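Engineer: Take a look at the following structure, please.
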Amino acid sequence: MNALETSALTYRYGPDKVLDNVNLVVSPGTIYGFLGPNGAGKTTTLKLATGLLRMQEGAIHIFGQSMPVHRIEILRSIGTLIESPSLYAHLTARENLLLYQKLYRCPSARITETLERVGLARTGSKKAGQFSLGMKQRLSIAIALLHSPRLLILDEPTNGLDPSGIIEVRELLKQLTGQEGLTVLISSHLLAEIERLVTHIGIIHKGRLVFQGTMDELHMKQRHSSGLLLGTDNPEGARHLLSECGIEAVPENGHLVLPDLPSEKMAEITRQLVARDIGVYRIEPKKNDLEQIFINLVND
Amino acid sequence: MAALFVHSIQTEWIKRKRTLASWLVIIGAFFTPVIVTLVQLARPEKLPERYQAAEFWENHFRNAWQSMVSLLLPMGIILAVGLMAQMENRNSTWKQLHTTPQPLAFIYLSKFTVLLFMEVQLFLLFTVGIVLSAVVPAFVLEAVDFPAQPIPLAFFARESAYYFFFSLPIVAFQYLLALQFRNFLIPLGAGMLMMVTTIVLFSWERIYVFPYSYGMIHLMGRFPEQPLVAWSMGWFTLFFVAGYLLYYYRKDRT
Chain A
0 MNALETSALT YRYGPDKVLD NVNLVVSPGT IYGFLGPNGA GKTTTLKLAT GLLRMQEGAI
60 HIFGQSMPVH RIEILRSIGT LIESPSLYAH LTARENLLLY QKLYRCPSAR ITETLERVGL
120 ARTGSKKAGQ FSLGMKQRLS IAIALLHSPR LLILDEPTNG LDPSGIIEVR ELLKQLTGQE
180 GLTVLISSHL LAEIERLVTH IGIIHKGRLV FQGTMDELHM KQRHSSGLLL GTDNPEGARH
240 LLSECGIEAV PENGHLVLPD LPSEKMAEIT RQLVARDIGV YRIEPKKNDL EQIFINLVND
Chain B
0 MAALFVHSIQ TEWIKRKRTL ASWLVIIGAF FTPVIVTLVQ LARPEKLPER YQAAEFWENH
60 FRNAWQSMVS LLLPMGIILA VGLMAQMENR NSTWKQLHTT PQPLAFIYLS KFTVLLFMEV
120 QLFLLFTVGI VLSAVVPAFV LEAVDFPAQP IPLAFFARES AYYFFFSLPI VAFQYLLALQ
180 FRNFLIPLGA GMLMMVTTIV LFSWERIYVF PYSYGMIHLM GRFPEQPLVA WSMGWFTLFF
240 VAGYLLYYYR KDRT
């Protein structure tokens, strides 16, 4: 049974299709990074999963239960942080948690425990409205964690934070993701932001899921060459020769990027280059970094 | 489920702590009694005679309710209901509230219940204020004796209950608007428009069809109470149910 599963999830705002047949699979105990540029459909997906948007097409199951049919049972087992912090500015951190402690009917000792966990136990009578953005976001995470959920849904938890706020929240998330039995679904538009935290990743672009798999599978893509990098002392001459052989070479940072070629073909080209007195000092597979893979995926 | 509903009401009650809406109840309750007291202290000539009248408390109560029912109560309801909804809008807390494990009906009902509790709190404090506004001049001014008549608590309770029931359509309509529109000015403007319309149409023989008019009609004694209660409850039910349906079928609950 998956922690969260969407089947053919489709959503329209008026005539615009913002989600198109999204099949997300989040296995239990995983840390799933949901990645995509702004406006790709991440928040819409998460709002549908948490019942904040009315379903149009497709299905959502959380721990085997259908949303919105079992809305209340599902909401008992998930903690959420959707977009910006949701805090009552005129109440203290403890009072904010007290509201949710009553609604989730969890032990009142959880308030102190959770405040200590997010480092806000000593904020006393300070109102949430006077907190820094980082503190507000940590308090929002505390609200999501208060009732010990099985699935934590965090939508862009570092969005809008200054560098120190980002570090605060990132450190907190590192601690959380090590927690046994907790499944975390975290969205971001920055791969670098979550790549060290997550075990699985889904990449969404223009409402379509363009990649879904483990981080290892994504790293496999990274290891796969996406062409050959050729370094010569005469790039223009080399490009001309390659063109004669029907191979398109693209200049990049003083080198030429060639499509993947069979070894024999590459050996033949090298011989020809040397025969024309073009010095070859580098031939290597061109590797992608993760950001490049992300960009390639969303641009395909 | 009943326990969850009680908790839901408790959370709404905690939320109103330190808000402008909670101060509005206290200020609204004592504003008229303070003015009445000051006027009596400033113009004490006729007080000795008035304090010994057979229906002193009834007259004093009606006098105090006059400004309350025509202006302060509807205005207070419009502001308090708007502010309570605005608290969720301003803090972006709807989305968190709507992901708590409770039926949407509980959220709708608990917020409304707290608004009614606040109104009851206003009425109780206002009644205390009315009594104090009669007692203070008798304490301060030597020439004025305490009223001879005992405080008619049953009369106070009955009249307050009428004003409470007659205000329900206003609370329900403002609640409907406040939940529908994020812009605070829309329910505020609509409420004021309804108040002005009531005043403009007040001389009309069928003013009782207008949902904001019942408190004023009762104060003036223009129509019998029972049909007014029926009209008032009819409007209340309509607004309350329509408000819930609009809230329940909202596409986006953020």
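The listed protein sequences derive, respectively, from chains A and B. With numbering that gives the first Met the number 0, letter number 180 in the first sequence gets 179, and the count goes up by one each step, no holes. With numbering that gives the first Met the number 0, letter number 152 in the second sequence gets 151, and the count goes up by one each step, no holes. Quick reminder that beta carbons are idealized off the backbone N, C-alpha and C, glycines included. Values in this document were obtained by computation on a predicted structure and should not be read as measured data.
(1) Is it right to say B:Glu204 is buried, meaning 16 or more other beta carbons lie within 10 angstroms of its own, or is it exposed?
(2) Does the Cβ of B:Thr196 have 16 or more other Cβ atoms within 10 Å, making it buried, or fewer, making it exposed?
(3) According to DSSP, simplified to helix, strand and coil, what is A:Ala58?
(4) Between B:Leu70 and B:Ile77, what straight-line distance do the alpha-carbon atoms span, to the nearest angstrom?
(5) Decide if B:Trp22 is buried, meaning its Cβ has at least 16 other Cβ atoms within 10 Å, or exposed.
(6) Among A:Ile282, A:Pro250, A:Asp232, whose alpha-carbon lies nearest the alpha-carbon of A:Arg275?
(7) For A:Thr42, which residues in the same chain have their Cβ closer than 8 Å to its Cβ, ignoring the five residues on either side in sequence?
(8) Consider the Cβ of B:Gln95: report whether some Cβ of chain A lies at a distance smaller than 8 Å.
(9) Using 10 angstroms around the beta-carbon of A:Arg281, count the other beta-carbons present and answer buried if the total reaches 16, otherwise exposed.
(10) Please classify B:Thr98: does DSSP put it in a helix, a strand, or coil?
(11) Look up A:Leu151 in the DSSP assignment and give the residues it is bridged to.
(12) Counting C-beta neighbours from all protein chains within 10 Å, is the total for B:Gln101 16 or more, i.e. buried, or is it exposed?
(13) Taking Cβ positions only, does B:Thr112 come closer than 8 Å to chain A?
(14) Using DSSP with H/G/I as helix, E/B as strand and the rest coil, what is B:His217?
(15) When you compare only the Cα positions, how much space is there between B:Pro168 and A:Arg104?
(16) I think B:Pro73 touches B:Met194, with their Cβ atoms under 8 Å apart; what is that distance to the nearest whole Å?
(17) Got a sec, what are the start and stop residues for the alpha helix (DSSP H) B:Phe164 sits in?
(18) Taking just the CA atoms, how far does B:Leu121 sit from B:Val134?
(19) Cβ of B:Arg252 less than 8 Å from any chain A Cβ?
(20) Taking CB distances under 8 Å as the criterion, tell me whether A:Thr49 reaches chain B.
(21) Between B:Leu218 and the rest of its own chain, which residues show a CB-CB distance below 8 Å, the 5 nearest in sequence each way excluded?
(22) By the 10 Å Cβ neighbour count, where 16 or more other Cβ atoms means buried, how is B:Lys14 classified, buried or exposed?
(23) If we cut at 8 Å on Cβ distances, does A:Ile142 have a partner in chain B?
(24) Find out if the Cβ-Cβ distance for the pair A:Gly32, A:Ile203 is shorter than 8 Å.
(25) I'd like to check one pair, B:Leu124 with B:Ala79: are the Cβ atoms closer than 8 Å?
(26) For A:Thr227, I'd like the list of residues in its chain whose CB is within less than 8 Å of its CB, leaving aside the five on either flank, ordered along the chain.
Structural biologist: The relevant details are as follows:
(1) As a position in the second sequence, residue 204 of chain B is number 205, starting the count at 1. Flag for B:Glu204 reads exposed.
(2) Position 197 of the second sequence, counting from 1, holds the residue named residue 196 of chain B. Looking at its Cβ environment, which holds fewer than 16 other Cβ atoms inside 10 Å, B:Thr196 is exposed.
(3) In the first sequence, the residue the question calls residue 58 of chain A occupies position 59. In this structure, A:Ala58 counts as strand in the three-state DSSP scheme.
(4) The residue given as residue 70 of chain B occupies position 71 in the second sequence. The residue given as residue 77 of chain B occupies position 78 in the second sequence. Cα-Cα distance, rounded: 11 Å.
(5) Against the second sequence, residue 22 of chain B aligns to sequence position 23. B:Trp22 should be labelled exposed.
(6) Stepping through the first sequence from its first residue, residue 275 of chain A is reached at position 276. Of the candidates A:Ile282, A:Pro250, A:Asp232, the one whose C-alpha sits nearest the C-alpha of A:Arg275 is A:Asp232.
(7) On the first sequence, residue 42 of chain A is found 43 positions in, with the first residue counted as 1. Here the set comprises Ile81, Glu82, Asp154, Glu155, Ser186.
(8) In the second sequence, counting from the first residue as 1, residue 95 of chain B sits at position 96. B:Gln95 counts as touching chain A.
(9) Along the first sequence, read from residue 1 onward, the residue named residue 281 of chain A stands at position 282. Its Cβ having fewer than 16 others within 10 Å, A:Arg281 is exposed.
(10) The sequence position of residue 98 of chain B within the second sequence is 99, counting from 1. It is coil, neither helix nor strand.
(11) Residue mapping note: residue 151 of chain A aligns to position 152 of the first sequence, counting from 1. For A:Leu151, which the question treats as bridged, DSSP gives the partners A:Gly78, A:Val183.
(12) Taking the second sequence and counting its residues from 1, the one referred to as residue 101 of chain B is at position 102. By the 10 Å Cβ count, B:Gln101 comes out buried.
(13) Along the second sequence, read from residue 1 onward, the residue named residue 112 of chain B stands at position 113. Chain A contact via Cβ: absent.
(14) What you label residue 217 of chain B is simply residue 218 of the second sequence in a count that begins at 1. Residue state, collapsed to three classes: helix.
(15) To locate residue 168 of chain B, count along the second sequence from 1; it is residue 169. To locate residue 104 of chain A, count along the first sequence from 1; it is residue 105. Going from the Cα of B:Pro168 to the Cα of A:Arg104 covers about 34 Å.
(16) To locate residue 73 of chain B, count along the second sequence from 1; it is residue 74. To locate residue 194 of chain B, count along the second sequence from 1; it is residue 195. At roughly 5 Å, the Cβ-Cβ gap stays under 8 Å, so B:Pro73 and B:Met194 are in contact.
(17) Start at 1 with the first residue of the second sequence, and residue 164 of chain B comes out as number 165. 152 to 179 is the span of the alpha helix (DSSP H), which, as asked, contains B:Phe164.
(18) Here residue 134 of chain B refers to the residue found at position 135 when the second sequence is read from its first residue. Here residue 121 of chain B refers to the residue found at position 122 when the second sequence is read from its first residue. C-alpha separation (whole angstroms): 20 Å.
(19) Reading the second sequence from its first residue, position 253 is the one you call residue 252 of chain B. Closer than 8 Å: yes.
(20) For the purposes of this step, residue 49 of chain A is identified with residue 50 of the first sequence, where counting begins at 1. At least one chain B Cβ lies under 8 Å of A:Thr49.
(21) Indexing the second sequence from 1 puts residue 218 of chain B at position 219. Excluding residues within five positions, the ones whose Cβ falls inside 8 Å are Arg61, Trp64, Gln65, Val68, Ser69.
(22) Mapped onto the second sequence, residue 14 of chain B falls at position 15. The residue is buried, with at least 16 neighbouring Cβ atoms inside 10 Å.
(23) By one-based count along the first sequence, residue 142 of chain A stands at place 143. Answer yes: the Cβ-Cβ gap between A:Ile142 and chain B drops below 8 Å somewhere.
(24) Reading the first sequence from its first residue, position 33 is the one you call residue 32 of chain A. Reading the first sequence from its first residue, position 204 is the one you call residue 203 of chain A. No, Cβ-Cβ distance for A:Gly32 and A:Ile203 is not below 8 Å.
(25) If you number the second sequence from 1, residue 79 of chain B lands on position 80. If you number the second sequence from 1, residue 124 of chain B lands on position 125. No, Cβ-Cβ distance for B:Ala79 and B:Leu124 is not below 8 Å.
(26) The residue labelled residue 227 of chain A in the question sits at position 228 within the first sequence. The sequence as given places Leu at residue 227 of chain A; Thr does not occur at that position. Correct list, in chain order: Val256, Leu257, Pro258, Asp259, Leu260, Met265, Ile282, Glu283, Pro284, Lys285.
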